[in-house]
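Take the sequence shown: its letters are residues 0 to 284, numbered as in numbering that gives the first Met the number 0.
Yeah, the Cβ is synthetic: ideal placement off N, Cα and C, and Gly gets one too.
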Amino acid sequence: MACRNVVGFGSSAGDGGPCGSRAPSRDVASAGRLLERLRAAALEAVAPTRCAGCERPGELICADCLHALALIDPRRSCLGCGAPFGDLVCTECASGLAGGGDESDAAPPRPFAFERCLATATFEEPLPRIVRAYKDAGERRLAPLFAEMLADTVEHAERVAPARYGGLASAADVLVFVPATAAAYRRRGFDHMEAIARPLADMAGLELADALAKRGRTDQRLLGRAGRQAGARGSFDVVRSVRGLRVVLVDDVMTTGSTLDAAARSLLHAGAARVDALVLARVWG
Ligand SMILES: [Zn+2]
Ligand SMILES: [Zn+2]
Numbered sequence: 000m001a002c003r004n005v006v007g008f009g010s011s012a013g014d015g016g017p018c019g020s021r022a023p024s025r026d027v028a029s030a031g032r033l034l035e036r037l038r039a040a041a042l043e044a045v046a047p048t049r050c051a052g053c054e055r056p057g058e059l060i061c062a063d064c065l066h067a068l069a070l071i072d073p074r075r076s077c078l079g080c081g082a083p084f085g086d087l088v089c090t091e092c093a094s095g096l097a098g099g100g101d102e103s104d105a106a107p108p109r110p111f112a113f114e115r116c117l118a119t120a121t122f123e124e125p126l127p128r129i130v131r132a133y134k135d136a137g138e139r140r141l142a143p144l145f146a147e148m149l150a151d152t153v154e155h156a157e158r159v160a161p162a163r164y165g166g167l168a169s170a171a172d173v174l175v176f177v178p179a180t181a182a183a184y185r186r187r188g189f190d191h192m193e194a195i196a197r198p199l200a201d202m203a204g205l206e207l208a209d210a211l212a213k214r215g216r217t218d219q220r221l222l223g224r225a226g227r228q229a230g231a232r233g234s235f236d237v238v239r240s241v242r243g244l245r246v247v248l249v250d251d252v253m254t255t256g257s258t259l260d261a262a263a264r265s266l267l268h269a270g271a272a273r274v275d276a277l278v279l280a281r282v283w284g
């Protein structure tokens with residue numbers, strides 16, 4: 000998967016595809032891009048870009064902050080929840096499993112509805128500051144950088160740990176993101192995961208499926224007991240067909256995993272063939 004190549008293509012393709020655009024519209028498009036650059040330059044003069052991790056002027060994420068990220072080694076991470084250590088499954092996942100005591104070396108146990116989880120880094124500084132700059136301070140330019148981090152994470156994991164994470168993206172059919180709640184959407188004015196998932200889908204060569212909708216509170220009261228339990232964890236409606244599809248489910252931060260679990264459960268209910276989770280940050284320790 001050559002993400003950087005795909006990025007290059009994606010940024011120049013435009014909506015109508017590479018073949019459909021005629022010369023005049025290309026001129027208009029390039030004039031638009033020129034104006035965009037001029038505006039960006041003017042803005043840069045007034046309010047120079049600062050690193051989202053340390054406020055240093057220059058890059059959106061400086062080299063020091065990139066190096067300071069606590070990247071997770073996919074050869075040693077917990078397959079069940081993406082935690083940094085676990086080899087096959089971490090103690091936290093193992094202790095939450097039903098039964099126990101059986102040391103059989105059959106297929107590794109799964110604590111969640113999703114098959115595997117892959118995380119870029121643990122949620123330690125500077126990552127929480129960077130994520131806050133994106134979600135709370137409105138630094139939307141971070142979205143393609145997060146997408147690139149996630150694309151690199153999958154590409155690297157499939158390459159160095161093929162027996163563990165092989166096919167996670169390369170053999171998947173669609174990319175699905177965990178949608179923002181209505182309140183978060185109103186507060187931010189955009190869906191922070193959709194903005195990451197769009198460029199990520201391009202980079203990973205996957206179709207983006209806007210398949211999940213957060214279920215409203217009122218609907219939960221109409222559900223049965225099992226449904227209410229699912230509702231307590233936050234539940235989702237599947238609003239487009241995912242039947243038979245292998246899904247990569249992406250979210251920004253995984254803490255207990257209950258949101259991703261509920262989302263994966265809904266997708267499997269709707270007939271998805273399998274669901275793997277991909278997250279930027281794993282809260283750990
Ligand atoms: Zn920095
Ligand atoms: Zn685990």
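Handout entry: Cβ-Cβ separation, residue 263 to residue 272 (assumed contact under 8 Å), whole Å
Key = The residue given as residue 272 occupies position 273 in the sequence shown. The residue given as residue 263 occupies position 264 in the sequence shown. So it is not a contact: roughly 12 Å between Cβ atoms.
Practice task
Please indicate yes or no: does the CB of residue 114 lie closer than 7 Å to some heavy atom of ligand 2?
Solution key: Within the sequence shown, numbered from 1, the residue matching residue 114 stands at position 115. It does not: the Cβ of residue 114 is nowhere closer than 7 Å to a heavy atom of ligand 2.
Exercise for the section: Please name the residue, chosen from 48, 115, 52, 151, that lies closest to residue 274 on a Cα-to-Cα basis. Expected result: Stepping through the sequence shown from its first residue, residue 274 is reached at position 275. Of 48, 115, 52, 151, the residue nearest in Cα terms is 115.
Practice task
Using the Cα positions of residue 143 and residue 270, report the straight-line distance between them to the nearest angstrom.
Solution key: Along the sequence shown, one-based indexing puts residue 143 at 144. Along the sequence shown, one-based indexing puts residue 270 at 271. Roughly 30 Å separates the two Cα atoms.
Practice task
Taking only beta-carbon positions, decide if residue 146 is within less than 8 Å of chain C.
Solution key: No chain C is part of this structure, which consists of one protein chain only.
Practice task
Output yes or no for whether 8 Å exceeds the beta carbon distance between residue 280 and residue 181.
Solution key: The residue given as residue 280 occupies position 281 in the sequence shown. The residue given as residue 181 occupies position 182 in the sequence shown. No, the pair does not count as a contact, with Cβ atoms beyond the cut-off.
Exercise for the section: Consult DSSP for residue 273 and reduce its assignment to one of helix, strand or coil. Expected result: Here residue 273 refers to the residue found at position 274 of the sequence shown. In this structure, residue 273 counts as strand in the three-state DSSP scheme.
Exercise for the section: With DSSP collapsed to three states, give me the class of residue 284. Expected result: In the sequence shown, the residue the question calls residue 284 occupies position 285. In the three-state reduction of the DSSP assignment, residue 284 falls in the coil class, being assigned neither a helical nor a strand state.
Exercise for the section: Would you mind sorting residue 173 into buried or exposed? The rule is 16 or more other CB atoms within 10 Å of its CB. Expected result: By 1-based counting over the sequence shown, the position of residue 173 is 174. Its Cβ being crowded by 16 or more others within 10 Å, residue 173 is buried.
Problem - residue 251 - DSSP class collapsed to helix/strand/coil - result: As a first step, residue 251 must be located in the sequence shown, where it is residue number 252. Strand, per DSSP.
Practice task
Go through its chain and collect everything with a Cβ distance to residue 203's Cβ below 6 Å, but skip five positions before and after it.
Solution key: The residue given as residue 203 occupies position 204 in the sequence shown. Contacts found: 150, 168.
Exercise for the section: Please say whether residue 89 and residue 256 have beta carbons closer to each other than 8 Å? Expected result: Within the sequence shown, the letter at position 257 stands for residue 256. Within the sequence shown, the letter at position 90 stands for residue 89. The Cβ atoms of residue 256 and residue 89 lie no closer than 8 Å to each other.
Problem - Other residues of its chain near residue 245: CB distance less than 7 Å, five sequence neighbours each side excluded - result: Taking the sequence shown and counting its residues from 1, one reaches residue 245 at position 246. Excluding sequence neighbours, residue 245 sits near 170, 171, 172, 272, 273.
Problem - C-alpha distance - residue 166 paired with residue 240, whole-angstrom precision - result: Counting from one through the sequence shown, the residue named residue 166 turns up at place 167. Counting from one through the sequence shown, the residue named residue 240 turns up at place 241. Going by C-alpha positions, residue 166 is about 22 Å away from residue 240.
Problem - Among 159, 278, 127, nearest to residue 247 - alpha-carbon criterion - result: Your numbering for residue 247 matches position 248 in the sequence shown. The shortest C-alpha separation from residue 247 is found at 278.
Handout entry: Residues sharing a beta bridge with residue 27, DSSP
Key = Here residue 27 refers to the residue found at position 28 of the sequence shown. Beta-bridge pairing links residue 27 to no other residue.
Practice task
Excluding the 5 residues preceding and the 5 following residue 140 in the sequence, name in chain order all residues of the same chain whose CB lies nearer than 7 Å to its CB.
Solution key: Locating residue 140 in the sequence shown gives position 141, counting from the first residue. These residues qualify, in order along the chain: 59.
Practice task
Please go through the same chain and pick out, in chain order, the residues whose beta-carbon is closer than 7 Å to the beta-carbon of residue 146, but skip the five residues on each side of it.
Solution key: The residue labelled residue 146 in the question sits at position 147 within the sequence shown. If we look at residue 146 and ignore the five residues flanking it on each side, its Cβ neighbours are 195, 198, 199, 202.
Problem - Around ligand 1, Cβ to any heavy atom closer than 6 Å, ordered along the chain - result: 50, 52, 53, 55, 61, 63, 64
Handout entry: Limits of the unbroken alpha helix (DSSP H) element including residue 117
Key = Position 118 of the sequence shown holds residue 117. Taken as a continuous stretch (DSSP letters only), residue 117 belongs to no alpha helix (DSSP H), being part of the beta strand (DSSP E) at 116 to 121.
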